[in-house]
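Undergrad:
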Amino acid sequence: MRSRGSAAAPLLLYLPPGLIALAMLVPLGYLVLRTLEADPTHLAELILRGRSRVLLGNTLQLTGAVVAGTTAIALPLAWLVTRTDLPGTRMITTAAVLPLAVPGYVMAYALLGLGGQNGLAASLGVPLQRLSGLGGAAAALTLYAFPYTFLNLRSAFLSLDPGLEEAARSLGYSPWQVFLRVTLPLITPGLIAGALIVSIYTLGDFGAVALMRFEVFSFAIYTQYTSAFDRSYAAALALMLMALTALPLALEARVLKNSHLARVGSGVSRRPRQIPLGWKMPLALLFVAAVLVSSVGLPALILLHWMRLQPPWAELPRVAAAFGNSLSAAVPSALVAVAAALPLAYLRVRYPSRGSRAAERIAFTGYAVPPLALGLAMVFFSLRAVPALYQTRTLLILTYGLNFLALAMGPIRNSLMAAPRNLEEAARSLGRSRVAAFCLALFPLLRKGIFAALTLVFVMVMKELPLAVLLAPTGFTTLSTAVFSRTSEALLAEAAPYAAAIVLFSSLFVGLLVRSESPHNQEPSDASGKTTPREDLSRAPLSRKTLPGNPLQGGAP
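Under numbering that gives the first Met the number 0, residues 0 to 556 are what the sequence shown spells out, in order.
See below:
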């Protein structure tokens, strides 16, 4: 059924989404077929045996620990930078986003490099045992992923109507009661959105849990596949992980169902009154410093420490080669993702209907499916249907394009929604074909969105690990696989220059995005027409639409 008032889309416009759906769903179907090839009795024994229950328990423990840890960091941090008189909030906000430049496996590398006989702590005279297991994996993923929750909560705090809290205070409620009874319910959607992102990322993570030797579903899938002992069991584990990943999505939809948090009164929204911290200011600054030193400073210090012990100059040619390999996969992957996203976004925006919504949801499937499960599906599909694709860079690039298609959709769809429809109609009235009208009238308006989508997918591919581990051709070493393989063998000094290249490259990208989203050379006006002081721009909402690794990109389900 089409939306009221929308025209019917040309049938040819459904061809690209149809091909995308086939490319997305057929490999997953092969994953199911591979699972069903096993003897039903044997398969039931494998699924129900004790190890599967241990994997389930470990996966749930890790996910719960990371969600709790990221919330414990992000909630007070978001409150401090939006509601208090804490100095330097813009600098703190920027620094709080920078951990996104340190992938989970690099954060795990940093924590491993902190302890041990030659670790940073030992060189400072405070020997520590190396982290491992649940504690190490949870710490690494928490320090990497808390910016996702922080950005959502910061946006939620900034969108609150301060009049509601002021009304509660006027009725005699204490500040703590106001927070629990008024503020917390209103920021619940942001809290749940952050928890959803973190839980999906944690369920699909492979690098951190593998380096910390903590057996969860993703790690077990990899070891089961590489051992080649029983690949039907690996396929079954992948399907179990996919079902587990659907759980937080279903819980979010159920919790937020029929939630109405918008105010009903009229009037102009106001900036909230900044709460003076007073004697608590040193405690707040100590908390902020501890968070930033742990998430940003520690990885930098660890990298410098190991490169001091073993200078990286002899390794630089191999680092350059790995960087080149990463580039050779990232550039075409970005082009593939954008080429697939463009017709899909056009169909969704210009011809909204049940069909276009279904096509959009299928596109988001690639991002929602855990990377190892998607990679394993592609392996089984290529081996069975297209053997020539197996162990080729082409398969890796196509899988990257499907995996990050949802990220490319967001900026392009946003640009399409802002483009006037009458431009195309005017071009058509002048005798231009539908394709010519799109190219001449609409495409120039989409260039910024297309460039943002290309950049986002490009950087995500540059630091991606699970798909590279499963699908990269033999001898094809990327920056991420170089860090993982060397760290797995405890060659921390050898891994340092590769990890440093990833962090420097990603930091530059994240820094540029944050700077572009918080322009300090503009002076916007508030609702009353008064100019907002430059120093107050630190409290303006950062857009989440182009920050790396955000599954809410473009309104993903």
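Beta carbons are placed, not taken as given, at the ideal position from N, Cα and C, and that holds for glycine.
Could you check which residue in Thr88, Arg89, Met106 and Val80 has the C-alpha nearest to that of Ala499?
TA: Nearest option by C-alpha distance: Met106.
Undergrad: With distances taken from CA atoms, which of Val101, Ser158 and Leu152 is nearest Ala73?
TA: Comparing Cα positions, the closest option is Leu152.
Undergrad: List in chain order: all unbroken alpha helix (DSSP H) runs of 4+ residues lying wholly within the region 396–479.
TA: List check, alpha helix (DSSP H) in window: 404–417, 421–428, 433–436, 446–461 and 465–470.
Undergrad: Taking the beta carbon of Thr201 as the centre, do at least 16 other beta carbons fall within 10 Å, making it buried, or is it exposed?
TA: So Thr201 counts as buried.
Undergrad: How would you write the range of the alpha helix (DSSP H) that Gln562 sits in, first residue to last?
TA: Residue 562 lies beyond the range of the chain shown here (0 to 556); nothing can be said about it.
Undergrad: Count the other C-beta atoms from every protein chain shown that fall within 10 angstroms of the C-beta of Gln176, then say buried if there are 16 or more, exposed otherwise.
TA: Flag for Gln176 reads exposed.
Undergrad: Rounded to whole angstroms, what is the Cα-Cα separation between Pro9 and Gly430?
TA: Cα to Cα, Pro9 sits roughly 18 angstroms from Gly430.
Undergrad: Under the three-state reduction of DSSP, which class applies to Ser352: helix, strand or coil?
TA: Three-state DSSP puts Ser352 in a strand.
Undergrad: Is Ala235 near Leu45, with beta carbons less than 8 angstroms apart?
TA: Yes, these two residues count as a Cβ contact at 8 angstroms.
Undergrad: Rounded to whole angstroms, what's the CA-CA distance from Ser294 to Leu42? Just pull it up for me.
TA: One C-alpha to the other measures close to 42 angstroms.
Undergrad: Can we say the region 476–484 touches the region 311–328, given the rule of at least three CB pairs closer than 8 angstroms?
TA: Yes, they touch.
Undergrad: Note down, in chain order, each residue of its chain lying with its Cβ closer than 8 angstroms to the Cβ of Val263, except the 5 sequence neighbours on either side.
TA: Reliability of the predicted coordinates at Val263 is poor, the pLDDT of 45 falling under 50, and no value is obtained from them.
Undergrad: Just tell me which of Ser158, Leu59, Phe457 and Tyr350 has its CA closest to the CA of Ala136.
TA: Comparing Cα-Cα distances from Ala136 to each of Ser158, Leu59, Phe457 and Tyr350, the minimum goes to Leu59.
Undergrad: Restricting to Cα atoms, I'd like to know which of Ser169, Leu315, Gly354 and Ala387 is closest to Ala495.
TA: The shortest C-alpha separation from Ala495 is found at Leu315.
Undergrad: Measure the Cβ-Cβ separation of Thr186 and Ala167 and say whether it is below 8 angstroms.
TA: The residue asked about is misnamed: residue 186 is Ile in this sequence, not Thr. Their beta carbons are not under 8 angstroms apart, which means Ile186 does not touch Ala167 by this criterion.
Undergrad: Please state the DSSP three-state secondary structure of Ile196.
TA: Residue state, collapsed to three classes: helix.
Undergrad: Measure the Cβ-Cβ separation of Leu240 and Ser226 and say whether it is below 8 angstroms.
TA: No, these two residues do not count as a Cβ contact at 8 angstroms.
Undergrad: How would you write the range of the alpha helix (DSSP H) that Gln60 sits in, first residue to last?
TA: Segment Gly49 to Arg82, the alpha helix (DSSP H) holding Gln60.
Undergrad: For a test of the three-state rule: what should DSSP assign to Glu534, helix, strand or coil?
TA: Confidence at Glu534 is low in this model, with a pLDDT of 37, below 50, so its placement is unreliable and the value that follows should be read with caution. Helix at Glu534.
Undergrad: Which class does Ile274 belong to by DSSP, given the choice of helix, strand or coil?
TA: Residue state, collapsed to three classes: strand.
Undergrad: Spatial neighbours of Ser198 within its chain, please: C-beta separation below 7 angstroms, excluding the five flanking residues on both sides.
TA: Here the set comprises Thr62, Val66 and Pro247.
Undergrad: On a CA-only basis, which of Thr148, Gly206 and Arg180 is nearest Gly189? Give me that one, please.
TA: The option with the nearest alpha carbon to Gly189 is Thr148.
Undergrad: Whose C-beta lies closer than 6 angstroms to the C-beta of Ser355 among residues of the same chain, with five residues either side of it excluded?
TA: Cβ neighbours of Ser355 beyond the five flanking positions: Leu346 and Arg347.
Undergrad: Under 7 angstroms Cβ to Cβ from Ala344, same chain only, skipping five residues before and after it: list those, please.
TA: For Ala344, where only same-chain residues beyond five positions count, the Cβ hits under 7 angstroms are Met408, Ile411, Arg412 and Leu415.
Undergrad: The alpha helix (DSSP H) that contains Met106, what's its start and end?
TA: Here the alpha helix (DSSP H) through Met106 covers Gly103 to Leu113.
Undergrad: Taking only three categories from DSSP, how would you classify Ala338?
TA: Note: Ala338 maps to helix in three-state DSSP.
Undergrad: When we look at the beta-carbon of Asn421 and count the other beta-carbons within 10 Å, is it buried (16 or more) or exposed?
TA: Counting Cβ neighbours within 10 Å, Asn421 comes out exposed, since fewer than 16 surround it.
Undergrad: Where does Asp557 land, buried or exposed, given buried means 16+ other C-beta within 10 angstroms?
TA: Look at the range of the chain in this structure, 0 to 556, and you will see that residue 557 is not part of it.
Undergrad: Using the C-alpha atoms, what's the distance from Gly68 back to Thr571?
TA: Residue numbering for the chain in the displayed model covers 0 to 556; residue 571 lies beyond these limits and cannot be assessed.
Undergrad: With a threshold of 8 angstroms on Cβ separation, who are the neighbours of Tyr224 within its own chain once the five nearest residues in sequence on each side are excluded?
TA: Arg230, Ala233, Leu375, Val378 and Leu469, listed in sequence order.
Undergrad: Please confirm if the region 443–458 is in contact with the region 329–336, defined as three or more CB-CB distances below 8 angstroms between the two stretches.
TA: The region 443–458, when compared against the region 329–336, does touch it at the 8 angstroms Cβ threshold.
Undergrad: Is Leu111 near Arg129, with beta carbons less than 8 angstroms apart?
TA: Cβ distance < 8 angstroms, so Leu111 and Arg129 count as in contact.
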